[in-house]
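Data first, discussion second: the structure below is written as structure tokens.
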Ligand SMILES: [Mg+2]
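In our numbering, the protein residues as written are 171 to 461.
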């Protein structure tokens with residue numbers, strides 16, 4: 171492997187370790203708060219880590235920079251994943267995580283842009299993020315940012331796609347040729363209470379987005395290299411909006427939490443917390459030792 175190859179491998183190793191460090195933060199926050207959404211957090215933490223450490227044009231020291239890329243967490247119940255990532259990226263102090271969902275906290279159970287630096291939009295009522303992100307993308311391309319066209323990324327849960335409002339936005343974004351809009355689908359096959367296919371099946375999502383004239387790709391949502399490539403920023407105003415179907419495992423990272431409906435909103439017992447923490451620490455240490 172050449173020098174550039176080994177540097178890329180270093181980046182992948184960093185992202186892998188950071189994703190698991192953020193999972194550990196989400197676990198600890200949820201255990202302490204006695205509420206939260208561990209499995210939805212773990213499902214999307216490779217995606218958030220790649221976005222915040224590799225893709226997005228952002229500046230933690232200037233979270234309102236006008237030319238910044240925007241990220242909207244439409245599956246707002248995964249707020250713990252977003253807060254862990256914002257802390258890791260130094261948008262917020264790490265000690266804020268200890269106050270997650272507590273009295274007078276700045277880290278609510280769902281994202282609140284007036285309380286938390288780096289949060290672009292309040293979410294949690296599902297099915298709205300894509301509409302908001304489409305509006306952001308349309309507005310940003312009308313503004314004069316010199317040679318820069320800020321990109322908007324939105325992460326949508328697969329269960330959330332059962333909300334009809336998404337399909338209005340999917341139709342509109344295509345009609346408006348929002349080339350600076352990327353929708354990422356966290357395709358873990360589960361939603362609150364059951365599997366998506368048992369609740370209201372989505373069928374062939376790629377074919378559906380393509381039928382609305384979107385530019386569609388499918389990736390392994392835990393493969394940092396594949397995510398980096400899929401998220402490559404665009405710098406054009408008009409063209410097909412981009413949909414990335416990220417195939418994920420809900421609860422990814424801890425064996426007994428993976429792909430289990432009950433972990434959508436479950437708080438670990440003390441023994442479950444210790445077991446989960448131990449699994450993540452092994453992964454973090456193994457990754458760090460290969461850096
Ligand atoms: Mg899901």
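C-beta: ideal position from N, C-alpha, C; glycine also.
Check	Outcome
Would you report the Cα separation of residue 454 and residue 372, rounded to the nearest angstrom?	35 Å
Taking the CB atoms as reference points, tell me whether residue 180 and residue 196 lie closer together than 7 Å.	no
For residue 296 and residue 333, which I take to be in contact (beta-carbon distance under 8 Å), what is that distance rounded to the nearest angstrom?	6 Å
Would a C-beta distance cut-off of 7 Å place residue 354 and residue 331 closer than the cut-off?	no
Tell me whether residue 182, by its Cβ, gets closer than 6 Å to a heavy atom of ligand 1.	no
State yes or no: is the C-beta of residue 313 nearer than 6 Å to some heavy atom of ligand 3?	No copy of ligand 3 appears in this structure; the ligands present are ligand 1.
Would you kindly work out how many angstroms separate the C-alpha atoms of residue 429 and residue 312, rounded to a whole number?	42 Å
Verify the contact flag: residue 358, CB atom, against every heavy atom of ligand 1, threshold strictly below 6 Å.	yes
Sort out for me which residues DSSP pairs residue 459 with in a bridge.	Beta-bridge pairing links residue 459 to no other residue.
How would you label residue 426, buried or exposed, when you count the other beta carbons within 10 angstroms and need 16 or more for buried?	exposed
Tell me, which residues are paired with residue 357 by DSSP?	417
What is the DSSP secondary structure of residue 463, counted as helix, strand or coil?	Here the chain comprises residues numbered 171 to 461, so residue 463 is not present and cannot be evaluated.
Cα separation between residue 314 and residue 351?	17 Å
Can you find the residues in the same chain that come closer than 8 Å, C-beta to C-beta, to residue 457, ignoring five residues on each side of it along the sequence?	183, 186, 187, 190
Just to confirm, does residue 205 get its C-beta within under 6 Å of one of the non-hydrogen atoms of ligand 1?	no
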